[in-house]
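In this note's numbering, the protein residues as written are 18 to 136.
Encoded structure:
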């Protein structure tokens, strides 16, 4: 499979990991759009939110739990953060592996420059 995020999960492409367990990987975006900008991905390859099945719903719930935990660990849970999922071409999804951007660490203005081409 030629998926950038699957290669990061495999370890063939390095990442600056923040969190990892059996199902989820969180790593810093290499071109951050905010002082705190991490990507939260399932280790299972799911192309986009549109392909989430009923059997994947526990992974989605776990992603949200991990987002809360990581936001707290990175010191943005109290001040606030954004959790963004880009889906499809109009949503600017360019990496076809389900992922969420967690951004914080500053007052976030209008949504600009948050495409999934970041890692």
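Beta carbons: idealized from backbone N, C-alpha and C, even for Gly.
Predicted model, so just to flag it, every value in this text is computed and none were measured.
When the options are compared against residue i, the one with the closest alpha-carbon
{"i": "residue 117", "options": "39, 124, 79", "result": "79"}
{"i": "residue 42", "options": "76, 53, 70, 71", "result": "76"}
{"i": "residue 101", "options": "28, 60, 73, 56", "result": "56"}
{"i": "residue 35", "options": "82, 20, 19, 87", "result": "87"}
{"i": "residue 94", "options": "23, 124, 58, 72", "result": "124"}
Residues of its chain near residue i, where Cβ-Cβ distance is below 6 Å and the 5 sequence neighbours each way are ignored
{"i": "residue 135", "result": "No answer about residue 135 holds up, because its pLDDT of 44 lies below 50 and its placement is not dependable."}
{"i": "residue 113", "result": "64"}
{"i": "residue 25", "result": "32"}
{"i": "residue 66", "result": "102, 104"}
DSSP bridge partner residues for residue i (one or two, in chain order)
{"i": "residue 118", "result": "56, 101"}
Cut-off 8 Å between Cβ atoms - residues of its own chain near residue i, not counting five sequence neighbours on either side
{"i": "residue 37", "result": "43"}
Expected contact under 8 Å - CB spacing of residue i and residue j to nearest Å
{"i": "residue 51", "j": "residue 121", "result": "6 Å"}
{"i": "residue 119", "j": "residue 69", "result": "Contact doesn't hold; Cβ gap of about 18 Å is too wide."}
Chain-order list of residues whose beta-carbon lies under 7 Å from that of residue i (same chain, five-residue window excluded)
{"i": "residue 19", "result": "none"}
{"i": "residue 97", "result": "121"}
### Task
Could you pull out every unbroken beta strand (DSSP E) segment of at least 3 residues lying fully inside the segment 77-112, listed in chain order?
98-101
### Query
Which residue spans inside the segment 18-88 form an unbroken alpha helix (DSSP H) run of at least 4?
21-27
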